[in-house]
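Take a look at the structure below.
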Amino acid sequence: MALSTQPYKGARDFYPEDKRIQKYMFSTMRNVVERFGYEEYDAPVLEPIELYLAKTGDEIVHEQTYVFEDRGGRTVAIRPEMTPTVSRMVAGRRQELAYPARWYSIPNLWRYERPQRGRLREHWQLNVDIFGLDNLTAETEVIQVADDILRAFGATHDMYVIKLNSRKLMDHIMNSYLGVNQVQAHTLAKLIDRMHKMPAEEFSAEVDAVFAPTQREAGAANKLIGLLKTKQLEHLPEAIRHHASVKDLQKLLDTLHDMHITNAVFDMTVMRGFDYYTDIVFEVFDKHPDNNRSMFGGGRYDGLVGLFGVEPVPTVGFGMGDVTLQNFLEGHDLLPKLRAETDVYVVLIGDIYDKALHTIRSLRDMGANVAVDTTGRKPDKQIKTAVKKGIHYAMFIGEKELKDEQFEIRNLLTGVAERHSLSRIVSIVKDYRIEEE
RNA sequence: GCGGGCGUAGCUCAGUUUGGUUAGAGCGCUGGAUUGUGGCUCCGGAGGCCGUGGGUUCAAGUCCCAUCGUUCGCCCCA
């Protein structure tokens, strides 16, 4: 039986044209986060399973993580997310770090699940975290970073919306306003998360079923459903409006709007799956009709570092996956035509490879990226190869060119050909490279 | 883990309903059209265990079962 040429289920091969897109996305991300002063870190793909058991706890560990036993009998997981790892790293050097610590990484992550649109088993995720700030400046900055990244790709504010909510607010509503117990609160949270996926009647029926008879008589379900329709913080009931979390949300929204991030809104249905969030959470939604869903999100998780037995470190961060991002960029037609890394394709005319070697060496010494066609084929075939590779310039070397040291360089997009000296050719080629950047 | 759609040339697909000679098309690839210059045109060529395994039949790309892959949705999550 022949070996399959397909990549492993839910994982992707990156052929050069695919890798070029990924490189473009990653470098755009890096440019933005580094502009905000974030430093890149990395860590092993493998972690002991305990790292995940300690926090996430539920399905993501037991059913959606790649786990195996190593030769020493240790149970090892392939990381499904970066947050536990980065928390571990911060905890490990908690005393010596310079706070606030602004860190980022673009790790490769694995989850064992059924692949579907926007969700594969393997993906890459930009992780941006700021450690050591227990005030709203952290949230403000991190959301600005997220917004700047999308805008660096050419996105405009009509293409996405940034939804904000607060875990503290939701806790307050559950405990004080609705008076439900922890189990009920958890069930309701999961329900609210799915609210937009079901008909209104079904939602209210399921909500109603969560409450005890006495709560039901008091109209708890209607109370909650009415609350969830609230779009403005000032329209919240008197009993909630003065809670500290509401003031925080309002302050954050005001600041973001002041920074021209006008597509940030309050949305009480944003819950986010992970239990480790402790305060403000946010989620960015694609507004494209074919792809109307959450792209990525994050929030404050002040408790994770403390799990390692050290003093807690307040943290705000988000993760942005490459698959959903690429869907977004493609959906809004934001992916540019990417140039090849090779600047010049040298077309050899006649059997002159040996004589041309020094000329080609000079091109490279002057900083041009040069590929040479050594197939000995006719020029027309060599040119076709250059075009197919997406190389912008073809340079011709034959007896005549070597003799008078003037080489023909052809722009393969426009078809325009000129004759120049080597150094002039290198500067033309480099100018084009800068233009593209 | 659950349910639906789809697997035929490198790609997009026709052919499957009603089993029947050597399985087709377009694009792409490749060679050529007076031996130094792409995209147009013309001529030629390569390339398919019809996803895989089993079953029914005189006969299977076509019918049945299984399996793998892929895709959409659910759970979960983002």
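Heads up, the first sequence is in my numbering, so the first residue is 1142 and it goes up one at a time.
Note that CB positions come from ideal geometry on N, CA and C, so glycine has one too.
Computed from a predicted model, the values in this text were never measured in an experiment.
Would residue i pass as a contact of residue j if the rule is Cβ separation under 8 Å?
i	j	result
Trp1244	Glu1180	yes
Ile1366	Leu1390	no
Asn1404	His1298	yes
Val1208	Ile1190	yes
Gly1273	Ala1232	no
Met1412	Asp1484	no
Thr1328	Val1302	no
Asp1463	Gln1257	no
Arg1229	Val1454	no
Met1315	Val1324	no
Arg1215	Val1186	no
Leu1479	Met1166	no
Ala1385	Leu1319	no
Leu1553	Ile1538	no
Could you tell me if residue i is buried or exposed, where buried requires 16 or more neighbouring beta carbons within 10 angstroms of its beta carbon?
i	result
Thr1146	exposed
Lys1304	buried
Met1142	Below a pLDDT of 50, predicted positions are generally treated as unreliable, and Met1142, at 46, falls in that range; the measurement from the model is reported next regardless. With fewer than 16 Cβ atoms within 10 Å of its Cβ, Met1142 is classed as exposed.
Phe1469	buried
Ala1424	Here the sequence assigns Glu to residue 1424, which means Ala is not the residue at that position. The residue in question, Glu1424, is buried, as its Cβ has 16 or more Cβ neighbours within 10 Å.
Lys1160	exposed
Asp1154	exposed
Ile1085	Beyond the ends of the chain as shown, which are 1142 and 1578, falls residue 1085; an answer cannot be given.
Arg1252	buried
Lys1150	exposed
Gly1198	Note that Gly1198 has pLDDT 49, beneath the 50 cutoff, so the model's placement of it is unreliable and the number below is only indicative. Looking at its Cβ environment, which holds fewer than 16 other Cβ atoms inside 10 Å, Gly1198 is exposed.
Met1461	buried
Leu1310	buried
Asp1211	exposed
Glu1375	exposed
Met1436	buried
Ala1239	exposed
Glu1342	exposed
Ala1346	exposed
Ala1497	buried
Asp1492	exposed
Thr1224	buried
Could you tell me which of the options sits nearest to residue i, measuring between CA atoms?
i	options	result
Leu1194	Val1174, Glu1222 and Pro1185	Glu1222
Ala1546	Lys1372, Ile1381, His1561 and Ile1402	Note that residue 1546 corresponds to Glu in the displayed sequence, not to Ala. The candidate whose alpha carbon is nearest that of Glu1546 is His1561.
Ser1307	Thr1419, Lys1392 and Ala1362	Thr1419
Met1536	Val1406, Arg1518, Lys1519 and Leu1563	Leu1563
Tyr1417	Asp1275, Gln1205 and Arg1441	Arg1441
Ile1501	Leu1332, Ile1566 and Ile1402	Ile1566
Asp1431	Phe1167, Ile1162, Ala1527 and Met1300	Met1300
Val1112	Phe1415, Gly1414 and Thr1396	Because the chain here runs from 1142 to 1578, residue 1112 falls outside it and cannot be looked at.
Lys1338	Asn1433, Thr1355, Asp1495 and Asn1249	Asn1433
Arg1176	Ile1493, Asp1408, Val1269 and Val1348	Val1269
Ile1247	Thr1226, Tyr1240 and Arg1260	Thr1226
Glu1237	Val1451, Ala1481, Leu1498 and Ala1512	Val1451
Lys1388	Gly1259, Met1400, Gln1373 and Val1513	Gln1373
Residue i bridges to which residues according to DSSP?
i	result
Pro1189	Val1217
Ser1307	Ile1421
Ala1249	With the sequence shown as reference, residue 1249 is identified as Asn, and Ala is not the correct amino acid for it. Per DSSP, Trp1265.
Arg1243	Ile1271
Ser1435	Phe1426
Ala1558	Arg1551
Val1511	Val1485
Determine contact between the region 1476–1493 and the region 1433–1453, defined as no fewer than three beta-carbon pairs at a distance below 8 Å. The region 1476–1493, when compared against the region 1433–1453, does not touch it at the 8 Å Cβ threshold.
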